[in-house]
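Asks: Residue numbers for the sequence shown follow numbering that gives the first Met the number 0, so the first one is 0 and each next one is one higher.
We put the beta carbon where it would ideally sit given N, CA and C, even for glycine.
Below is the structure I would like to discuss, written out as structure tokens.
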Amino acid sequence: MVKVFLTGASGLVGGEALHQIASQPSEHQMSCLVRDAEKGSIIKKAYPDVRIVEGDLDSIDIIRKEAKDADVVFHLASTNHLPSATAILEGISDKSRSTPGYWIQISGGTLVAGDEIAAGRYGEAPEKSYNDLTDTEEIRAVVKKNAGRAVDNLVIAQSPEKAHVALIAGPIIHGEGRGPVNRRSIQAPEITRLTLQRGKAPVIGKGLNVWSAVHIHDLGKLFALLLDAAVSKNNNVWNENGLYFPENERLSFGGIGRAIAAEAHKQKFTPSADVETITAEKANSPSGHAAVIWGTNANLTGSRAKEQLGWKPTGPTFMSGVSDLVRSEAKRLGISPAT
């Protein structure tokens, strides 16, 4: 029986991965790292066969041991926590193992936006598009020159003799997840929240910057396919062939803002369908690192998963879900439409 260790089960991405893996007909022994006892109970109730491992990302010894004992590790709790990523690598490559383990690491679309961030260039049209199948060496070079992408660099540096690795660069993730705890994403829901609270949708600068997008259910399919590849010992989809940009459309953030503003007005939550042009500094004020996730470019084309794994995204488009997005955010915030 394949042993799977997963972090991030209480989050959107990890929860969807848990749902899809647990729903597979093949048998797995799953363990999930959970720092909150209440959330652990919720996960256990939803998936009684899952073993809850109490700890957080700084529980290095626990993570290393779980990774050592696992056949496959999904590290979906963080894109940038180097100590936990290092512990996973140490575990799956431990000399006591007969073969190296498999490690699937979540990353983000900003892995190619280092130059933009360093220059403070936000809201501008993309200067470059990256294809995960045909531009692999260029993408790796972009990541390598950015020391801030420590986890990404750790992953892409591994040889198959030491560890079988896959790096998944998450784009705009939309739709409602099916995990047991958090089912809400960040980028578009936060824009929607501010639109409902302020009456106008925020757009950074010109709003010409472009990100790829994927429905959360389709992203979960990719994780399930990678698990299948690990179980079947398909070692041709990892390491140098293990960089994945899951997506099925590209959107400008100006277009996203205008669509949310129009829908919020249509549903009578705002007095107009106006957008507000804001600076990166103003964007960061109410919503953390909003400039990075709303103002950069992640103009990514995902060919590899389709070619190597037969991945077929079938989920709804982003725009088809804007009506539900506005409605659900208003409900979450306790905001009622004007009468």
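1) What first and last residue would you give for the beta strand (DSSP E) that runs through Lys2?
2) Below 8 Å between beta carbons: does that hold for Ile203 and Ala279?
3) Runs of 3 residues minimum, wholly inside the stretch 138-220: which ones carry the beta strand (DSSP E) assignment?
4) May I have the straight-line CA-CA distance separating Ala200 from Trp293, to the nearest angstrom?
5) With Ser327 as the anchor, note down where its alpha helix (DSSP H) starts and where it stops.
6) I'd like to know whether the C-beta atoms of Val141 and Gly100 end up nearer to each other than 8 Å.
7) Helix, strand or coil: which one does DSSP assign to Gly107?
8) Does the beta-carbon of Gln23 have 16 or more other beta-carbons within 10 angstroms, so that it is buried, or is it exposed?
9) Which residue marks the beginning of the alpha helix (DSSP H) containing His27, and which one marks its end?
10) My parser needs the alpha helix (DSSP H) runs of 4 or more residues fully inside the stretch 48-120; what are they?
11) Based on the DSSP secondary-structure assignment, which residues constitute the bridge partners of Ser251?
12) By alpha-carbon positions, which one of Asn233, Ile255 and Gly107 ends up nearest to Leu207?
13) Where does Leu11 fall in DSSP's three states?
14) Say whether the stretch 89-103 touches the stretch 23-33, bearing in mind that this needs 3 or more beta-carbon pairs closer than 8 Å, one atom from each stretch.
15) Pop quiz: Val209 and Asn298 are said to be a contact at Cβ under 8 Å. What is the actual Cβ separation, rounded to whole angstroms?
16) So what does Val236 bridge to, in DSSP terms?
17) Which stretch, first to last residue, makes up the beta strand (DSSP E) that contains Glu275?
18) Looking only at its chain, what residues have a beta carbon closer than 6 Å to the beta carbon of Arg63, apart from the 5 residues adjacent to it on each side?
19) Taking the alpha-carbon of Ser128 as reference, which of Ile51, Asn296 and Val3 has the nearest alpha-carbon?
20) When the Cα of Val180 is compared with those of Pro315, Ala66, Ala16 and Met0, which residue comes out closest?
21) Within this structure, are the beta carbons of Ile42 and Val49 separated by less than 8 Å?
22) Please classify Ala297: does DSSP put it in a helix, a strand, or coil?
23) Counting beta carbon pairs with one atom in the stretch 190-199 and one in the stretch 266-285, are three or more of them shorter than 8 Å?
24) Work out the CA separation of Gly13 and Asp55 for me, nearest whole Å.
25) What do you reckon, are the CB atoms on Gly176 and Leu11 nearer than 8 Å?
26) Just tell me which of Gly198, Gln266 and His173 has its CA closest to the CA of Ser211.
27) For a test of the three-state rule: what should DSSP assign to Leu132, helix, strand or coil?
28) Please determine if the stretch 238-256 and the stretch 132-149 are in contact, where contact requires at least 3 C-beta pairs separated by less than 8 Å.
29) Find the nearest neighbour of Asn235 within the set Lys281, Pro159 and Gln104, judged by alpha-carbon distance.
30) Got a sec? Which residues, its chain only, sit under 8 Å from Ile116 by beta carbon, not counting five neighbours each side?
31) If we count the other Cβ atoms within 10 Å of its Cβ and call it buried at 16 or more, is Ser251 buried or exposed?
32) Using only the alpha-carbon positions, how far apart do Met318 and Ala263 sit?
33) Using only the alpha-carbon positions, how far apart do Phe268 and Thr338 sit?
34) Output yes or no for whether 8 Å exceeds the beta carbon distance between Ala168 and Phe222.
35) Mind checking whether Asn187 and Leu324 have CB atoms under 8 Å apart?
Replies: Let me lay it out:
1) Start and end: Val1 to Thr6.
2) At the C-beta level, Ile203 and Ala279 come within 8 Å of one another.
3) Fully enclosed beta strand (DSSP E) runs of 3 or longer: 163-169, 171-173, 200-203 and 209-214.
4) Those two C-alpha atoms are separated by around 12 Å.
5) For Ser327, the enclosing alpha helix (DSSP H) stretches over residues Val321 to Leu332.
6) Taking 8 Å as the Cβ cut-off, Val141 and Gly100 do not qualify as a contacting pair.
7) In this structure, Gly107 counts as strand in the three-state DSSP scheme.
8) Looking at its Cβ environment, which holds fewer than 16 other Cβ atoms inside 10 Å, Gln23 is exposed.
9) No alpha helix (DSSP H) contains His27, which is instead part of the beta strand (DSSP E) from His27 to Val33.
10) Unbroken alpha helix (DSSP H) stretches of 4 residues or longer found wholly inside the stretch 48-120: 59-68, 81-91 and 113-118, given in chain order.
11) Per DSSP, the beta-bridge partners of Ser251 are Val209.
12) The residue with the shortest Cα to Cα distance from Leu207 is Ile255.
13) If DSSP states are grouped into helix, strand and coil, Leu11 belongs with the helices.
14) Flag = no, the stretch 89-103 and the stretch 23-33 do not touch.
15) With a Cβ gap of about 5 Å, Val209 and Asn298 count as contacting.
16) The secondary-structure analysis by DSSP pairs Val236 with nothing; it has no beta-bridge partner.
17) For Glu275, the enclosing beta strand (DSSP E) stretches over residues Val274 to Ile277.
18) The residues Ala86, Glu89 and Gly90, in chain order, have a CB closer than 6 Å to that of Arg63 in the same chain once the five nearest residues on each side in sequence are set aside.
19) When only C-alpha atoms are compared, the closest one is Asn296.
20) If you compare the alpha carbons of Pro315, Ala66, Ala16 and Met0 with that of Val180, the shortest gap goes to Ala16.
21) If you check the CB distance, Ile42 and Val49 come in under 8 Å.
22) Ala297: strand per DSSP, three-state reduction.
23) Taking a contact to require three or more Cβ pairs closer than 8 Å, the stretch 266-285 and the stretch 190-199 qualify as touching.
24) Rounded to the nearest angstrom, the two C-alpha atoms are 14 Å apart.
25) Taking C-beta atoms as the reference points, Gly176 and Leu11 count as a pair closer than 8 Å.
26) Just measuring C-alpha positions, the residue of Gly198, Gln266 and His173 sitting nearest Ser211 is His173.
27) Residue state, collapsed to three classes: coil.
28) Yes, the stretch 238-256 touches the stretch 132-149.
29) Taking the Cα of Asn235 as reference, the smallest distance to any Cα among Lys281, Pro159 and Gln104 is reached at Pro159.
30) The answer, listed in chain order, is Thr109, Val291 and Thr295.
31) Buried, by the Cβ-count rule.
32) Spanning the two alpha carbons is a distance of roughly 13 Å.
33) The straight-line gap separating the alpha-carbon atoms of Phe268 and Thr338 is approximately 10 Å.
34) It is not a contact, given that the beta carbons lie outside the stated cut-off.
35) The sequence shown places Ala at residue 187, not Asn. It is a contact, given that the beta carbons lie within the stated cut-off.
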